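Below is one structure, written out as structure tokens, with a few remarks after it.
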Amino acid sequence: MARIGIFDSGVGGLSIANEIHQLLPDVDIDYIADQGFAPYGQQPTEVIIERCHTIVNKLVKNGCDLIVIACNTATVNAVALLRKTFDVPIVGVEPGVKPAAYQSLSKHILVLATQSTLNSESYQQLKAKYQQNAHFYDQPCPAFVELVERREHLSQDAHKWAEKYLEKVFMLDCDTVILGCTHFVFLLPILEKILPSHVRVINTANAVAKQAKIKLMERQPQWQKQEGKLVFMTSAKRCPSHDYIAAFATIRLDSIIQI
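Structure follows, in structure tokens:
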């Protein structure tokens, strides 16, 4: 049975786990939500790197054939070092700047992300590649991650924050919005209510899942076929309930473990 390890600072990365399960329904997923250190967007770089190293080390020891960093902040701060350190394929996630630049007609693009991602050298370099052809407007969204973690992502409070964070769409004629954090996928129902119908939302979860499938099949072309299951691990002081995880995950939950 093939096994993929996925981690994020919380439940946001389950948006990518869901996409991977759609493409690879017979693969087990070990998921680590580093909720004891969330949100990563408010942590110093050295803390993010240390946590990523600790988590990937655990997932590798668990027998994972592939690691997915399902967090933009963790990717931009740690993916290069992790790839040098571990002898296992590691797939990261980054804001969909390239597809947005090509698909936008107005060439005015709003980027929703954590402050840490927006400040990172990796993101700034990525954006610089396409700034001659498009204008990118950075919008930090600190409230979004915590709203998702509290399972309040469809609340009135979430709607109010979304209206605030999307103001530039209307002020600057943006026709494309990039979701630069995996947590934000769970806010799509609210974002789509606020955004004009012509505005395109760029979500890279499916692209990351496709890349994970390619890398896994290169490493392990065949495996035993049976329904994949989810092992959910958390560094939080209290384990979340089955219902809490089921609100975000589409894959069958096998167990919840505190680490």
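For the sequence shown, my numbering assigns the number -19 to the initial residue and increments by one for each residue that follows.
Don't be surprised by glycine CBs; every beta carbon is placed ideally from N, CA and C.
The model shown is predicted, which means the values in this text are computed figures rather than measured ones.
Item	Value
A81 and N113 closer than 8 Å at C-beta	yes
Closest Cα partner of I236 within the set T214, F228 and A229	T214
Residues near V7 in its chain [Cβ-Cβ closer than 8 Å; skip 5 each side]	M(-19), A(-18), R(-17), I(-16), I0, H1, L196, W203 and G208
Whole-angstrom distance between S(-5) and A185, CA atom to CA atom	7 Å
At least three beta-carbon pairs within less than 8 Å, the stretch 56 to 66 to the stretch 107 to 125	no
Limits of the beta strand (DSSP E) - the one that T214 falls within	K209 to T214
Coil, strand or helix - I89 by DSSP	strand
Where P79 sits in the DSSP three-state scheme	helix
Cut-off 6 Å between Cβ atoms - residues of its own chain near N(-2), not counting five sequence neighbours on either side	T230
Cβ-based burial, P69 [other Cβ within 10 Å; buried from 16]	buried
8 Å contact criterion, which L134 and P169 should meet: CB distance rounded	6 Å
Three CB pairs or more closer than 8 Å across the stretch 28 to 40 and the stretch -16 to -7	yes
Local conformation of F124 per DSSP, three classes	helix
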